[in-house]
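Data first, discussion second: the structure below is written as structure tokens.
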Amino acid sequence: MTGSGPGPKPGAGAGNGGISVDGRLLHLSTALLIEREVRQQRDARSLAYYLVNETARLHQHSLAFFMRPKARGWSVISATDVHNVEDASGLGDWLRKVAKRKTDDDVTPFETAALAPPADLASGLPPYCMLMVLKHPDGGVAGKLLLLRDTPFQDRDRLIAEPMAECYGHAIASLDDRPFLRRFGSRKGKKWLIAVVVLLCAAGFIPVPITALAPVEIVARQPTPITAPFDGIIADVLVRPYEAVTPGQMVVRMDQTELAMEQNVASRSLAVTEAELERYRHEAYLMPESKAKMAIWELKVELSKQELANARDKLERHRITAPVAGVAVYDHRFNWRGQPVKAGQRLMTIAQPNDLEAQIELPAGALIPLANGAPVTLFLDIDPTRPIAAKLTSIGYQAQPTAAGTMAYRYRADIDGTLNTDLLGARGTARLEGDKILLAYALLRRPIAALRQFVGL
1 MTGSGPGPKP GAGAGNGGIS VDGRLLHLST ALLIEREVRQ QRDARSLAYY LVNETARLHQ
61 HSLAFFMRPK ARGWSVISAT DVHNVEDASG LGDWLRKVAK RKTDDDVTPF ETAALAPPAD
121 LASGLPPYCM LMVLKHPDGG VAGKLLLLRD TPFQDRDRLI AEPMAECYGH AIASLDDRPF
181 LRRFGSRKGK KWLIAVVVLL CAAGFIPVPI TALAPVEIVA RQPTPITAPF DGIIADVLVR
241 PYEAVTPGQM VVRMDQTELA MEQNVASRSL AVTEAELERY RHEAYLMPES KAKMAIWELK
301 VELSKQELAN ARDKLERHRI TAPVAGVAVY DHRFNWRGQP VKAGQRLMTI AQPNDLEAQI
361 ELPAGALIPL ANGAPVTLFL DIDPTRPIAA KLTSIGYQAQ PTAAGTMAYR YRADIDGTLN
421 TDLLGARGTA RLEGDKILLA YALLRRPIAA LRQFVGL
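Following full-length UniProt numbering, the numbering of the sequence shown begins with 1 at its first residue and continues without gaps.
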């Protein structure tokens, strides 16, 4: 036979903390149920409502307020049986002061009077309260929950509130709609934020070269211009753009129609003046006054001969040839055919493909201090992955209109090393580097200039 001692009677242990075993089990089951319901909340708004209303089954409070940190200070999110608490109200100011209060423990019971509520609110508030600090898993403060009731909070209330505070904080973290603010709102996050700010401020004093970007074109260093020898019309351009030419090769042909007419008219005019001069010579034997007219007609004959010679010279020069060997550079030959031109007007240039340089058009709004010899880096569109080093050799001190209709300063740069001759006419972007300045000024230079233009300083 086995004996058995008297078992525990229902309600035994009521003297332990003033609550029976069944009461403690009911209290624990309520805590587990609330923990489950807290984790089932779908959004931060419903969770905030649940914390101040539904948790009263566990904490036995009659009034609760939930506060969360923001970028500067605290904000009252929810309150028991109240839609919202005005930030500008006396209650809102007091709750923010309570939220800023530092406590040694995550759960701290108080007498409400110890929190110094405003006189007009003190009479309407329960006399006892408990402040729960709700933390994220990473240690940052997710919020604070202030519970108020008419009876004092006991040690058993604090013991059950401590794990529940962790549960509430974890739930807030899972539904957090402000992860960036949370990350930097924690103590560790604030330290990192301060460190980042200090590093950024220190980086602002790093000296860096002032730079500017501008369009660039590869051009010949000393091109030979081909110009119109006289006023006329272009009949044809006999070479293609960027075609190699030899000395004496005909590149442009002027229209001959008007030139041939001028030569014919000059020839007939000469014949008429010579006939008149011959007539006066015969008359000079009979009429002495004809001798005076002979000198005038002799001058007219010389003038007609000169006009004929000019007409023949023009006719000979209608064939425009290349004076040197190189590459013919112009836009398109169909743009010149049939176009009238003036004497001296540039038609094309003969470039030396092995003697190239960079022509840079720096916009007036991007002007920076530059000096001869300043380093330049070229990024050509034909091969942007291979930068080309160059040095500034010519500086434009006066802005000129560009083909795009903007004003720009024209610079020229010598290319370091040899360059592929096929790159003549290639375009891209040039990065010009000036003297060293502080990184902070380099980043704020454009905004400062825009602000000065806006305010008119």
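Ideal Cβ positions, reconstructed from N, Cα and C, are used throughout, including at glycine. Just so you know, these numbers come straight off a predicted model, no measurement behind them.
Below 8 Å on the Cβ atoms is my contact criterion, and I expect residue 251 with residue 265 to pass it. Report the Cβ-Cβ distance as a whole number of Å. About 29 Å separates the two Cβ atoms, so there is no contact after all.
Taking C-alpha atoms, which residue in 359, 99, 127 lies nearest to residue 133? The option with the nearest alpha carbon to residue 133 is 99.
Looking at the structure shown, is residue 312 part of a helix, part of a strand, or coil, going by DSSP? In this structure, residue 312 counts as helix in the three-state DSSP scheme.
So, is residue 243 buried or exposed, given that buried needs 16 or more other C-beta atoms within 10 angstroms? Residue environment analysis places residue 243 among the exposed positions, since fewer than 16 neighbouring C-beta atoms fall within 10 angstroms of its C-beta.
Mind checking who residue 149 pairs with in its DSSP beta bridge? Note: residue 149 is bridge-paired with 128 in the DSSP secondary-structure output.
Residue 392 and residue 218 - do their beta-carbons sit closer together than 8 Å? Between residue 218 and residue 392, the gap from beta carbon to beta carbon reaches 8 Å or more.
Nearer than 7 Å: is that true of the beta carbon of residue 361 relative to any heavy atom of the ligand ATP? Looking for the ligand ATP in the displayed structure turns up nothing, as the structure carries no ligands at all.
From the DSSP output, which residues share a beta bridge with residue 441? Listed as beta-bridge partners of residue 441 by DSSP are no residues whatsoever.
Who pairs with residue 405 in a beta bridge, going by DSSP? As far as DSSP is concerned, residue 405 takes part in no beta bridge.
Our contact map puts residue 399 next to residue 408 with C-beta atoms below 8 Å; I'd like the distance itself, whole angstroms only. About 6 Å separates the two Cβ atoms, so the contact holds.
So what does DSSP say about residue 105, is it helix, strand or coil? Looking at residue 105 - three-state DSSP - the assignment turns out to be coil, as it is neither helix nor strand.
Range of the contiguous alpha helix (DSSP H) that encloses residue 45: Residues 44 to 53.
So what does residue 411 bridge to, in DSSP terms? In the DSSP assignment, residue 411 forms a beta bridge with 360.
Residue of 143, 85, 414 minimising C-alpha distance to residue 376: Closest option to residue 376, Cα to Cα, is 414.
For residue 380, the nearest candidate out of 116, 42, 426, 454 (CA to CA): Nearest of 116, 42, 426, 454 to residue 380, Cα basis: 426.
Suppose the cutoff is 7 Å on Cβ atoms and the five residues either side in sequence are ignored; what does the same chain contact list for residue 401 look like? The beta carbon of residue 401 is closer than 7 Å to those of 407 in its chain, skipping five residues each way along the sequence.
Classification of residue 58 by the beta-carbon crowding that lies within 10 angstroms, buried from 16 upward: Buried: at least 16 other Cβ atoms inside 10 Å.
Please look up how many angstroms separate the CB atoms of residue 491 and residue 322, rounded, as I've assumed it's under 8 Å. A question about residue 491 goes unanswered here, because the residues of the chain that appear run from 1 up to 457.
Do you know whose CA, among 149, 172, 128, 120, lies nearest residue 139's CA? Minimum Cα-Cα distance from residue 139 among the listed residues 149, 172, 128, 120 corresponds to 172.
Own chain, CB closer than 7 Å to residue 442, minus 5 neighbours either side, in chain order: The beta carbon of residue 442 sits closer than 7 Å to the beta carbons of 208, 210 from its chain, once the five residues preceding and following it are set aside; these are given in chain order.
Using a Cβ-Cβ cutoff of less than 7 Å, which residues in the same chain neighbour residue 373 once the five nearest sequence positions on both sides are dropped? Taken in chain order, the residues that qualify are 391, 392.
Given a threshold of 16 other Cβ atoms within 10 Å of its Cβ, counted over all protein chains shown, does residue 74 qualify as buried or as exposed? The residue in question, residue 74, is buried, as its Cβ has 16 or more Cβ neighbours within 10 Å.
When DSSP builds the beta bridges, which residues end up paired with residue 367? Looking at the DSSP assignment, residue 367 forms no beta bridge with any residue, so it has no partner.
Proximity winner among 311, 272, 175, relative to residue 230 (alpha-carbon distances): Out of 311, 272, 175, 311 has the C-alpha closest to the C-alpha of residue 230.
Quick one: is residue 102 buried, meaning 16 or more other Cβ sit within 10 Å of its Cβ, or exposed? A residue is called buried once 16 or more other Cβ atoms fall within 10 Å of its Cβ, and residue 102, having fewer, is exposed.
In whole angstroms, what separates the C-alpha of residue 193 from that of residue 204? Those two C-alpha atoms are separated by around 17 Å.
What distance in whole Å lies between the Cβ atoms of residue 131 and residue 61, which are believed to be in contact at a cut-off of 8 Å? Residue 61 to residue 131, Cβ: 12 Å. No contact.
Ends of the beta strand (DSSP E) at residue 70? If you look at residue 70, you'll find it isn't in any beta strand (DSSP E); DSSP assigns it neither H nor E.
Local Cβ density within 10 Å of residue 201, reported as buried at 16 or more and exposed below that: Taking all protein chains shown into account, residue 201 has fewer than 16 neighbouring C-beta atoms within 10 Å of its C-beta and is therefore exposed.
Do residue 362 and residue 411 have their C-beta atoms closer together than 8 Å? A contact, by the Cβ cut-off of 8 Å.
Apart from the five residues on each side of it in sequence, which residues of its chain come closer than 7 Å, Cβ to Cβ, to residue 46? Cβ neighbours of residue 46 beyond the five flanking positions: none.
Please work out which residues of its chain come closer than 6 Å, Cβ to Cβ, to residue 71, disregarding the five sequence neighbours upstream and downstream, and give them in chain order. Cβ neighbours of residue 71 beyond the five flanking positions: none.
Straight-line Cα distance separating residue 324 from residue 304: Across the structure, residue 304 and residue 324 are spaced so that their CA atoms are roughly 35 Å apart.
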